[in-house]
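Asks: Position one of the sequence shown corresponds to residue 1 (the UniProt record's numbering), numbered consecutively onward.
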Amino acid sequence: MTAYKKIAQALPRSQYVVDYNFIEDEMYVFDDTTTGGRYYSILLMEWVEGQTLTRALEEAVLAQNRPLLGEYLTKFEQMSEWLLGEDFAHNDLKPDNIMVREKDKSLVLIDYDGLFVPTMAGEPPREWGTEPYQSPHRRTAPFDKNVDNYAIAYIRLAISILSHNPRRYSAEKLVDFTDTELTDIEKNETFFGNRYTFVDNARDGVMITRADRKYGFVTSQGVTVAENCYDDIRPYCEGLAAVCAGGKWGFIDKDSKVVIAMVYDGVTDFDSGFCGVRIGCRWAFINPNGETLSRFHYDECFTPRLGLALAKRRGKYGFVGSDGRVAVSFRYDYAHSFTREGVACVKVGEKYGYIDRRSKWWQKPTYDFATPFRDGKARVEIDEREQVIEWE
């Protein structure tokens, strides 16, 4: 019995796996002689429309979209909890082997070549997985249902850190952990003594802490700024920090005083003197005084950059200024926020290009895929060939 047949027989039906069918001796292939040919088995798998979790995380990081990173964290946690409860293991779990479905942004596992299922007990692994998502003890550990445990912990921790601090992103490792961050919690700067289970890197001398599933703030010296009483929290931006309790978001100042009431279902960070807020499924913009700058008629809003906030309305993307007025009309099929180079990556039809803050083309839409600029460079693809373009 081949490994593929064992996998097909044991793989459960779930939203997290694709349809996977092994059909034995299904296709007869003639050879180039008069002796005939032979039967071959075939494997049928569902095609998934979407993008890899790797690319989805990269786009969210480049857009500094912490709420979206938080959504991906929740979805991965739900998928990993399901996976830990099953009797099989993926054996090469990594963001490249997880697809984000285009239709509903749900996660699904792909690439089942190395799977472990119970009927493989005692067999050697057919592959060793991919660094850095495999345990340092991977080659001496048993090949069983627990081989994904390290990868699950690694990916969950990395996305959790990115949802609070996207600047720690690493294209190769998600987060460029130090050796002690993964092996010695007592010396780990991501942790803070024994008082907290998690501490984010300091911004403006203030760090996010987590204890007993609640978040708060402390200074770099360990002085409490806000008690661990919030369900979720984000770093201070322009003197205000977004906090969530009971499913509602608002903002506190450096004295931990609530200055914008916790009445919103979602918020972005403040930048350039304004931010996006959501009630129900509609977004609007407010200023630091909590005054509404626009109507609640946007489908999505993102943290402002360079005085312009990316937003989506009626299926199209555009940009809104700090006064709440439309600055770049809603005509793009997809878009990223402006970067410090002063251009934004946008999509028109099936092609990508770059516009400046006046909505003039810096690079016309000729690319099959493109990323926003980062440190003066961007990745683009034409006819499946990737290249790097540099800011002039």
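Every residue gets a Cβ at the ideal spot worked out from N, C-alpha and C, and that includes glycine.
Tell me the DSSP secondary structure of Arg38 in three-state form.
Replies: Of the three classes helix, strand and coil, the one that applies to Arg38 here is strand, per DSSP.
Asks: Between the Cα of Ala171 and the Cα atoms of Ile382, Glu390, Arg374, which residue gives the shortest distance?
Replies: Considering only alpha carbons, the answer is Arg374.
Asks: Using DSSP with H/G/I as helix, E/B as strand and the rest coil, what is Gly172?
Replies: The residue you asked about is not Gly; residue 172 is Glu in the sequence shown. Note: Glu172 maps to coil in three-state DSSP.
Asks: In the structure shown, what three-state DSSP assignment does Lys75 receive?
Replies: Lys75: helix per DSSP, three-state reduction.
Asks: When you compare each of Gly70, Glu381, Pro365, Ala335 to Leu162 by their alpha carbons, which one comes out closest?
Replies: Nearest C-alpha to Leu162: Gly70.
Asks: Just the Cα atoms here: how many angstroms apart are Thr52 and His297?
Replies: When rounded, the distance between both Cα atoms is 30 angstroms.
Asks: Helix, strand or coil for Leu109 per DSSP?
Replies: Looking at Leu109 - three-state DSSP - the assignment turns out to be strand.
Asks: Just to confirm before moving on: does the CB-CB distance between Ser118 and Asp87 stay below 8 angstroms?
Replies: Checking the displayed sequence, the identity of residue 118 turns out to be Pro instead of Ser. Going by C-beta atoms, Pro118 is nearer than 8 angstroms to Asp87.
Asks: Taking only the alpha-carbon atoms, compute the straight-line gap between Ser135 and Gly273 and give it to the nearest angstrom.
Replies: Rounded to whole angstroms, Ser135 to Gly273 spans 45 angstroms at the Cα level.
Asks: Out of Val48, Tyr72, Tyr4, Gly50, which has the shortest C-alpha to C-alpha gap to Ser41?
Replies: Closest by alpha carbon: Tyr4.
Asks: For Ala378, decide whether its Cβ has a neighbour in chain D, counting only Cβ atoms nearer than 8 angstroms.
Replies: Protein chain content of the structure displayed is limited to a single chain, and chain D is not contained in it.
Asks: Give the straight-line distance between the Cα atoms of Gln387 and Glu291, rounded to the nearest whole angstrom.
Replies: Gln387 and Glu291: Cα-Cα distance of roughly 45 angstroms.
Asks: Rounding to the nearest angstrom, what Cα-Cα distance links Ile110 and Glu384 in this structure?
Replies: The alpha-carbon atoms of Ile110 and Glu384 are separated by roughly 21 angstroms.
Asks: Within 10 angstroms of its Cβ, does Cys237 collect 16 or more other Cβ (buried), or is it exposed?
Replies: By the 10 Å Cβ count, Cys237 comes out buried.
Asks: Under a Cβ-count criterion, where at least 16 other Cβ atoms within 10 Å of its own Cβ denotes burial, should Arg234 be classed as buried or exposed?
Replies: Arg234 is buried by the Cβ-count criterion.
Asks: Counting along the chain, where does the beta strand (DSSP E) carrying Tyr352 start and finish?
Replies: Its beta strand (DSSP E) spans residues 351-356.
Asks: Per DSSP, which residues does Ile23 bridge with? Please list them.
Replies: DSSP, once it has assigned bridges, lists Ile42 as partnering Ile23.
Asks: For Glu381, which residues does DSSP report across the bridge?
Replies: For Glu381, which the question treats as bridged, DSSP gives the partners Phe369, Glu386.
Asks: On the three-state DSSP scale, how would you describe Asn149?
Replies: Of the three classes helix, strand and coil, the one that applies to Asn149 here is helix, per DSSP.
Asks: Of the choices Cys345, Asn65, Leu11, Val48, whose alpha-carbon is the least far from that of Lys377?
Replies: Lys377 has its Cα closest to that of Cys345, out of Cys345, Asn65, Leu11, Val48.
Asks: What's the gap between the Cα of Pro67 and the Cα of Met45?
Replies: For Pro67 and Met45, the distance between alpha carbons rounds to 33 angstroms.
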